[in-house]
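Asks: Starting off with a structure, shown below.
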Amino acid sequence: MPALSALSHRLDRTIVIRARPATVFTFFTDTPRWASWWGSGSTIDPKPGGRVLIRYPGGNEATGEVVEIAPPERIVFTYGYTSGKPIGPGESQVTIRLEALEAGTRVHLSHEFADAAVRTEHVQGWRYQLSVFGSVVAAVVSAGAADLVDTWFAAWSEPDEAAREQMVRRVATPDVRMRDRFSLLDGISDVLPHIAGAQRNMPGIRLQRRGDVRQSQGTLLVDWVALGPDGAQRGTGSNVFDLNPDGLIDSVTGFWG
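At position 255 of the sequence shown the residue is numbered 543 (our numbering), and the sequence of numbers has no breaks.
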């Protein structure tokens, strides 16, 4: 195994995930969550000296051990392949550091190698793996997305002003933005009177989600239908919802037809 001083070639990559550091870090300490972004059968013992096992979907395995762990900010572990190629166990080192942002968490990855060619071989691997990582973390943050969206739509037909405000505040940030053909709104204080105006001008109209919520990296794509008091369809469209790191609606962009 090369000495750490010999690991002179470093791969650096940074991503931003719409989740809090405490949530992101659980994917380094909880074995099912660790496996969710590496592959079924992957495990981690989150303590110095603890074993790291990665089982890629294609059957290849990598192993290592935890060198350092400081929740929810930093984890360091060694990394190498059980086959010994292109590097054996303990022959490289991975450092992942989390930085809290208003928008979520910036993930800083550094992977140190003794050989430049091996470093180059791992560039696309980490580009892909961190994308998967961001996706599985976002899926946890948006686990209640269907209820979130349904509550947002239901608020548009809620006749009671206090109940309507409570519904919107439960699912959206105070500064929520909304953009569509008839809306250019900033903040709940702008959204609520706009809903009231829509009810006056389109009495009895109800919005309903149509189909499943589609989620990608904290952004939701949702189809909807507008129904009249008689249940007849009056319009259709799609909304794009962006969630904040706590899983609340931060912005809504609507498309009609």
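Quick reminder that beta carbons are idealized off the backbone N, C-alpha and C, glycines included.
Please read all numbers here as calculations on a predicted model, not as lab measurements.
DSSP state of serine 328, grouped into three classes?
Replies: To locate residue 328, count along the sequence shown from 1; it is residue 40. In this structure, serine 328 counts as coil in the three-state DSSP scheme.
Asks: Would you check if there are 3 or more beta carbon pairs closer than 8 angstroms linking the segment 328–347 to the segment 430–443?
Replies: No, the segment 328–347 is not in contact with the segment 430–443.
Asks: Let me know if serine 430 comes out buried or exposed under the rule of 16 or more other beta-carbons within 10 Å of its beta-carbon.
Replies: Residue mapping note: residue 430 aligns to position 142 of the sequence shown, counting from 1. Buried.
Asks: Pop quiz: proline 334 and phenylalanine 316 are said to be a contact at Cβ under 8 angstroms. What is the actual Cβ separation, rounded to whole angstroms?
Replies: In the sequence shown, residue 334 corresponds to position 46, counting from 1. In the sequence shown, residue 316 corresponds to position 28, counting from 1. At roughly 6 angstroms, the Cβ-Cβ gap stays under 8 angstroms, so proline 334 and phenylalanine 316 are in contact.
Asks: If you run the structure through DSSP and keep just helix, strand and coil, what is asparagine 489?
Replies: Here residue 489 is taken as the residue at index 201 of the sequence shown, counted from 1. Three-state result, asparagine 489: helix.
Asks: Based on the DSSP output, what are the partners of asparagine 527 in its beta bridges?
Replies: As a working note, residue 527 is residue 239 in the sequence shown. Beta-bridge pairing links asparagine 527 to Val510 and Gly542.
Asks: Expressed to the nearest angstrom, what Euclidean distance is found between the alpha-carbon atoms of serine 371 and glutamate 349?
Replies: Your numbering for residue 371 matches position 83 in the sequence shown. Your numbering for residue 349 matches position 61 in the sequence shown. Near 8 angstroms, if we compare the C-alpha coordinates of glutamate 349 and serine 371.
Asks: Could you tell me the alpha carbon to alpha carbon distance between methionine 289 and aspartate 534, rounded to whole angstroms?
Replies: Sequence index remark: in the sequence shown, residue 289 carries index 1 (1-based). Sequence index remark: in the sequence shown, residue 534 carries index 246 (1-based). Legend: pLDDT at methionine 289 = 49, less than 50; position of this residue unreliable, value from coordinates given subsequently. When rounded, the distance between both Cα atoms is 42 angstroms.
Asks: Can you tell me whether tyrosine 367 is buried or exposed, with buried defined as 16 or more other CB within 10 angstroms of its CB?
Replies: Along the sequence shown, one-based indexing puts residue 367 at 79. The residue in question, tyrosine 367, is buried, as its Cβ has 16 or more Cβ neighbours within 10 Å.
Asks: Going by DSSP, what residues sit across from phenylalanine 365 in a beta bridge?
Replies: Counting from one through the sequence shown, the residue named residue 365 turns up at place 77. Phenylalanine 365 pairs with Val354 and Val382.
Asks: DSSP puts glycine 392 in a beta bridge; with which residues?
Replies: Walking along the sequence shown from the start, residue 392 turns up at place 104. Paired residues: Leu389.
Asks: Kindly indicate which residue of Asp468, Val464 and Leu480 has the alpha-carbon position closest to the one of aspartate 474.
Replies: One-based indexing of the sequence shown puts residue 474 at position 186. Among Asp468, Val464 and Leu480, the Cα nearest to that of aspartate 474 is on Val464.
Asks: Have a look at alanine 426 and glutamine 417 and give me their C-alpha separation to the nearest angstrom.
Replies: Here residue 426 is taken as the residue at index 138 of the sequence shown, counted from 1. Here residue 417 is taken as the residue at index 129 of the sequence shown, counted from 1. Those two C-alpha atoms are separated by around 14 angstroms.
Asks: What are the partner residues of isoleucine 305, as DSSP defines its beta bridges?
Replies: Sequence index remark: in the sequence shown, residue 305 carries index 17 (1-based). Thr393.
Asks: Should asparagine 532 go down as buried or exposed, given a rule of 16 or more other Cβ atoms within 10 Å for buried?
Replies: For the purposes of this step, residue 532 is taken as residue 244 along the sequence shown, with counting starting at 1. Asparagine 532 comes out buried.
Asks: Note down, one range per segment and in chain order, each alpha helix (DSSP H) of at least 4 residues found wholly within the segment 400–457.
Replies: Listed in chain order, they are 404–409, 411–429 and 433–443.
Asks: Kindly indicate the opening and closing residues of the beta strand (DSSP E) around isoleucine 342.
Replies: Taking the sequence shown and counting its residues from 1, one reaches residue 342 at position 54. Where isoleucine 342 is concerned, the enclosing beta strand (DSSP E) stretches over 339–343.
Asks: Between Glu356, Thr408, Val424 and Ala451, which lies nearest to isoleucine 483 when the distance is taken from Cα to Cα?
Replies: Residue 483 sits at position 195 when you count from the first residue of the sequence shown. Of the candidates Glu356, Thr408, Val424 and Ala451, the one whose C-alpha sits nearest the C-alpha of isoleucine 483 is Ala451.
Asks: Is the beta carbon of isoleucine 305 sitting closer than 8 angstroms to the one on glycine 392?
Replies: Position 17 of the sequence shown, counting from 1, holds the residue named residue 305. Position 104 of the sequence shown, counting from 1, holds the residue named residue 392. Yes, they are a contact pair.
Asks: State the DSSP-derived secondary structure class of alanine 460, mapped to helix, strand or coil.
Replies: As a working note, residue 460 is residue 172 in the sequence shown. Alanine 460: strand per DSSP, three-state reduction.
Asks: Exposed or buried, what is phenylalanine 401 when buried is set at 16 or more other beta-carbons lying within 10 Å of its beta-carbon?
Replies: Here residue 401 refers to the residue found at position 113 of the sequence shown. That one is buried.
Asks: From phenylalanine 365 to arginine 407, what does the alpha carbon distance come to, in whole angstroms?
Replies: Looking up residue 365 in the sequence shown gives position 77. Looking up residue 407 in the sequence shown gives position 119. Taking the straight line joining both Cα atoms gives about 16 angstroms.
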